[in-house]
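Going down the list, the protein sequences come from chains A and B.
Anchor point for the first sequence: position 195 equals 195 in our numbering, and the numbering is continuous, going up by one each time.
For any residue, its number in our numbering is found by taking its place in the second sequence, counting from 1, and adding 252.
We put the beta carbon where it would ideally sit given N, CA and C, even for glycine.
Only a predicted model underlies this, so the values are computations on that prediction, with no experimental measurement involved.
This report refers to the structure that appears directly beneath it.
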Amino acid sequence: MSAPLLDVEGLSVHFGLFQAVKGASFALDRGETLGLVGESGAGKSTLARAIMRLVQAQGRLRFDGQDLLALAPARLRALRRDFQMVFQSPLGSLNPRLSVRAAVSEPLELFEPDLDRQARARKVAEMLERVGLQAGVAARYPHEFSGGQCQRIAIARAMIARPKLLVCDEPVSSLDVSIQGQIVNLLKELQEDTHMAMLFISHNLAVVRQISHRILVMQQGEIVESGECHRLLSSPQHPYTQRLLLAVPQMP
Amino acid sequence: MHPALRIDNFSVRFERGDSSTMAVREVSLQVEAGECVALVGESGSGKTQLFMAAFGLASSQARVEGSVRYFGEELLHAPQAVLNRVRGAGIAMVFQDPMNALTPHLSIGAQLIEVLAVHGGAPREAARSAALAMLERVGVDEPARRMRQYPHELSGGQRQRVLIAMGLLGAPKLLVADEPTTALDVHVQAQVLELLQRLRQETKLALIFISHDLAVVAGVADRIMVMYAGRIVESAASGALLRSPRHPYSAALIRCMPSMRSPVAARMATLPGYPPRAGDLIAGCAFAPRCPKAQARCVSERPPLIADARGSIACHFPEAP
Numbered sequence: 001m002s003a004p005l006l007d008v009e010g011l012s013v014h015f016g017l018f019q020a021v022k023g024a025s026f027a028l029d030r031g032e033t034l035g036l037v038g039e040s041g042a043g044k045s046t047l048a049r050a051i052m053r054l055v056q057a058q059g060r061l062r063f064d065g066q067d068l069l070a071l072a073p074a075r076l077r078a079l080r081r082d083f084q085m086v087f088q089s090p091l092g093s094l095n096p097r098l099s100v101r102a103a104v105s106e107p108l109e110l111f112e113p114d115l116d117r118q119a120r121a122r123k124v125a126e127m128l129e130r131v132g133l134q135a136g137v138a139a140r141y142p143h144e145f146s147g148g149q150c151q152r153i154a155i156a157r158a159m160i161a162r163p164k165l166l167v168c169d170e171p172v173s174s175l176d177v178s179i180q181g182q183i184v185n186l187l188k189e190l191q192e193d194t195h196m197a198m199l200f201i202s203h204n205l206a207v208v209r210q211i212s213h214r215i216l217v218m219q220q221g222e223i224v225e226s227g228e229c230h231r232l233l234s235s236p237q238h239p240y241t242q243r244l245l246l247a248v249p250q251m252p
Numbered sequence: 253m254h255p256a257l258r259i260d261n262f263s264v265r266f267e268r269g270d271s272s273t274m275a276v277r278e279v280s281l282q283v284e285a286g287e288c289v290a291l292v293g294e295s296g297s298g299k300t301q302l303f304m305a306a307f308g309l310a311s312s313q314a315r316v317e318g319s320v321r322y323f324g325e326e327l328l329h330a331p332q333a334v335l336n337r338v339r340g341a342g343i344a345m346v347f348q349d350p351m352n353a354l355t356p357h358l359s360i361g362a363q364l365i366e367v368l369a370v371h372g373g374a375p376r377e378a379a380r381s382a383a384l385a386m387l388e389r390v391g392v393d394e395p396a397r398r399m400r401q402y403p404h405e406l407s408g409g410q411r412q413r414v415l416i417a418m419g420l421l422g423a424p425k426l427l428v429a430d431e432p433t434t435a436l437d438v439h440v441q442a443q444v445l446e447l448l449q450r451l452r453q454e455t456k457l458a459l460i461f462i463s464h465d466l467a468v469v470a471g472v473a474d475r476i477m478v479m480y481a482g483r484i485v486e487s488a489a490s491g492a493l494l495r496s497p498r499h500p501y502s503a504a505l506i507r508c509m510p511s512m513r514s515p516v517a518a519r520m521a522t523l524p525g526y527p528p529r530a531g532d533l534i535a536g537c538a539f540a541p542r543c544p545k546a547q548a549r550c551v552s553e554r555p556p557l558i559a560d561a562r563g564s565i566a567c568h569f570p571e572a573p
């Protein structure tokens, strides 16, 4: 058994007196998708941002054998290519003044500065094709695209440096139902290609169960239940998980 | 008795310079008092523009045609005084984004009292207690404290309830709720839906529910109308439409809905492609390029919307009901 890619133990985040994440502990293996569910305000996004080192956290956070909380800033910056994030608002997470080509090639300029222009352009074109966009879109700007297409661009930008971990914070919540499946399928395919690990945050349990191997349930900053996806959804143990499942709207 | 809202042959066109874009095409619909009709479709299908234009809220470039009658009274091209009387007091709209629909620099109380001042001219103390009672009614906890707070101090769910309270303060007979629960998590969503159902029963409120989420719609609507590229393509009673859709687009939307019961497959069902842009010229059926059943006729000849006992359908090759 190799060590998990991400090993979180007793991770806490404080905002002043308010504790948004209370001693979260879990592990995430390579090639695995972990769903993170709970109400808004439960601390899901804060936990994700703590893992991304976007907010200060206490506890233990080991990623690929390194202690992320103790890493010197320069080392952390270099390691960032290995853990990337996709956000809820596809348009809001793209710089409106960068063309698609510029947005997607930026991580390469940062993490693979030795690459020449031609090689970089080739990688960008390949990546755009991989996420289902035609090469012709590269010269266009985010506002020219629909939400689903913007999310594909954001995924291309996150994936181009081949991260080992992709954190997705409500990646399909703002998209049409007809487009949500396209994005979930794309993330699954990318995982099969690259064997990356995923932390998939959503309040939509019906979507989470389509992509997750295991699920964490979070309530008021605490992880109250975790388990294998099917087991957890078919026989939830914690009263909060049970209530969450009852609130899911059902088709007739 | 007139229906609460009756829209006939309604079209909305936007004109910019010499280009013209059809956002809504020949839509007819009717909602009775106490009834809930859901309008379902993807972003850009014209759901929101339909009602914005119907109530005179669309931009000045919008050109409207047809008829929009509120309890028999024509609103299209009606004088501003008529629109002002009807909007807010008779018709209320609740918008999707609870953060942007409230004014950030006014307290919740001030914004609610303003509604009453505009529509009722009620004395300040009476307006205050009416606002307080309405907050309580829509399930806002600690209403007295909320009145003093500002929008940013409230959660998304609380803000959405404040917006619903604001819409209801004028005691409307028709409420258009535009994706009122899309920004909310499942718990709060269930509470908001329950509130809307209660209001229909208690006040005979006519409710138009705009959403892209069929599972949400399934629980609230009596009838569902499916909109694609500015047109109604199918309508029927909720149960019938969800169980046995006739239009391939309705069927595809239902297939794409992940449910808690459907088996987990290697890939989720998807609807390939994207809807046409509003400016595209379409000779035949707008859905044909994405339709698994499309034939040559679908591309060249637009299927008319045909009404029958079950509802209405616009498709050359519909599923048998």
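Q | 8 Å CB neighbourhood of A:Gly65 in its chain, flanking five on each side removed | A | Within the first sequence, numbered from 1, the residue matching residue 65 of chain A stands at position 65. Closer than 8 Å at the Cβ level, and outside the excluded window around A:Gly65, lie Ala3.
Q: Starting from A:Thr47, follow the alpha helix (DSSP H) in both directions and report where the run begins and ends.
A: Looking up residue 47 of chain A in the first sequence gives position 47. First, the residue type needs correcting, since residue 47 of chain A is Leu and not Thr in the sequence shown. Bounds of the alpha helix (DSSP H) holding A:Leu47 are Lys44 to Ile51.
(Q) Less than 6 Å between C-beta atoms, sequence neighbours within five positions excluded: which residues of the same chain meet that for B:Ser272? (A) Here residue 272 of chain B refers to the residue found at position 20 of the second sequence. So the list reads Arg265, once near-sequence residues are dropped.
(Q) What are the residues in the stretch 221–248 of chain A lying within 9 Å of chain B by C-beta distance? (A) Those residues of the stretch 221–248 of chain A placed with their C-beta closer than 9 Å to a C-beta in chain B are Cys229, His230, Leu233, Arg243, Leu244, Leu245, Leu246, Ala247 and Val248, ordered along the chain.
Q. What in chain A is Cβ-close to B:His464, meaning under 7 Å?
A. Here residue 464 of chain B corresponds to residue number 212 of the second sequence, with the count starting at 1. Listed by position along chain A, the residues whose Cβ is nearer than 7 Å to that of B:His464 are Asp176 and Val177.
(Q) Relative to the C-alpha of A:Thr241, which candidate in A:Gly227, A:Pro252, A:Gln250 and A:Arg101 has its C-alpha closest? (A) One-based indexing of the first sequence puts residue 241 of chain A at position 241. Restricting attention to A:Gly227, A:Pro252, A:Gln250 and A:Arg101, the CA atom closest to the CA of A:Thr241 is found in A:Gly227.
Q: Would you mind stating whether B:Phe303 and B:His254 have Cβ atoms separated by less than 8 Å?
A: Residue numbering aside, residue 303 of chain B sits at position 51 when the second sequence is read from its first letter. Residue numbering aside, residue 254 of chain B sits at position 2 when the second sequence is read from its first letter. In this structure, B:His254 does not lie closer than 8 Å to B:Phe303 by Cβ.
Q. Roughly how many whole angstroms lie between the Cα atoms of B:Ala481 and B:Arg277?
A. What you label residue 481 of chain B is simply residue 229 of the second sequence in a count that begins at 1. What you label residue 277 of chain B is simply residue 25 of the second sequence in a count that begins at 1. Separation of B:Ala481 and B:Arg277 (C-alpha to C-alpha, rounded to the nearest whole angstrom) is 8 Å.
Q | Within chain A, the residues that B:Val468 reaches when beta carbons sit closer than 7 Å | A | Locating residue 468 of chain B in the second sequence gives position 216, where the first residue counts as 1. Below the 7 Å Cβ cutoff, chain A contributes Pro249 as neighbours of B:Val468, in chain order.
Q.
Checking the sheet assignment: what are the DSSP bridge partners for B:Ala559?
A. Residue 559 of chain B sits at position 307 when you count from the first residue of the second sequence. The secondary-structure analysis by DSSP pairs B:Ala559 across a beta bridge with B:Ser564.
Q: Tell me, please, which residues DSSP counts as bridged to B:Met479.
A: To locate residue 479 of chain B, count along the second sequence from 1; it is residue 227. For B:Met479, which the question treats as bridged, DSSP gives the partners B:Ile484.
(Q) If you reduce the DSSP assignment to three classes, tell me which class A:Ser99 lands in. (A) Taking the first residue of the first sequence as position 1, residue 99 of chain A is located at position 99. Under the three-state reduction of DSSP output, A:Ser99 falls in the coil class, being neither helix nor strand.
Q. Would you call the stretch 133–144 of chain A and the stretch 17–32 of chain A touching, i.e. three or more CB-CB distances under 8 Å?
A. Too few Cβ pairs lie closer than 8 Å, so no.
Q) How would you label A:Thr262, buried or exposed, when you count the other beta carbons within 10 angstroms and need 16 or more for buried? A) In this structure chain A extends from 1 to 252, so residue 262 of chain A is not present and cannot be described.
Q) A:His238 and A:Glu225: beta carbons closer than 8 Å? A) Numbered from 1 along the first sequence, position 238 holds the residue referred to as residue 238 of chain A. Numbered from 1 along the first sequence, position 225 holds the residue referred to as residue 225 of chain A. In this structure, A:His238 lies near A:Glu225, with their beta-carbon atoms less than 8 Å apart.
Q) So what's B:Ala336 in DSSP terms, helix, strand or just coil? A) Taking the second sequence and counting its residues from 1, the one referred to as residue 336 of chain B is at position 84. As written in the sequence, residue 336 of chain B is Asn, which differs from the Ala given in the question. Three-state DSSP puts B:Asn336 in a helix.
Q) Taking contact to mean at least 3 C-beta pairs separated by less than 8 Å, is the stretch 470–489 of chain B in contact with the stretch 168–179 of chain A? A) With a cut-off of 8 Å, the stretch 168–179 of chain A and the stretch 470–489 of chain B do not count as touching, because too few Cβ pairs lie within range.
Q: Measuring only between beta-carbons, confirm whether B:Ala489 sits less than 8 Å from chain A.
A: The sequence position of residue 489 of chain B within the second sequence is 237, counting from 1. False, the Cβ-Cβ gap to chain A never drops below 8 Å.
Q. Using the C-alpha atoms, what's the distance from A:Gln56 back to A:Gly16?
A. In the first sequence, the residue the question calls residue 16 of chain A occupies position 16. In the first sequence, the residue the question calls residue 56 of chain A occupies position 56. Straight-line Cα distance between these residues: approximately 12 Å.
Q) In three-state terms, what does DSSP make of A:His14? A) If you number the first sequence from 1, residue 14 of chain A lands on position 14. Three-state result, A:His14: strand.
Q) At a Cβ threshold of 8 Å, is B:Tyr526 touching chain A? A) By one-based count along the second sequence, residue 526 of chain B stands at place 274. The beta-carbon of B:Tyr526 is placed less than 8 Å from the nearest beta-carbon of chain A.
Q.
Tell me which residue opens and which closes the alpha helix (DSSP H) that A:Ala78 is part of.
A. Along the first sequence, one-based indexing puts residue 78 of chain A at 78. Counting along the chain, the unbroken alpha helix (DSSP H) around A:Ala78 starts and ends at Pro73 to Leu79.
Q.
So, under 8 Å CB-CB, A:Gln84 and A:Pro171 are touching, yes? Tell me the CB distance rounded to an integer number of Å.
A. Within the first sequence, numbered from 1, the residue matching residue 84 of chain A stands at position 84. Within the first sequence, numbered from 1, the residue matching residue 171 of chain A stands at position 171. About 12 Å separates the two Cβ atoms, so there is no contact after all.
**Q.** Buried or exposed (CB count within 10 angstroms, at least 16 for buried), B:Gly373
**A.** Here residue 373 of chain B refers to the residue found at position 121 of the second sequence. Under this definition B:Gly373 is an exposed residue.
Q | Residue environment, B:Pro544, which counts as buried when at least 16 other CB atoms sit within 10 Å | A | For the purposes of this step, residue 544 of chain B is taken as the residue at position 292 of the second sequence. In the assembly as shown, B:Pro544 is an exposed residue. Its beta-carbon has fewer than 16 other beta-carbons within 10 Å.
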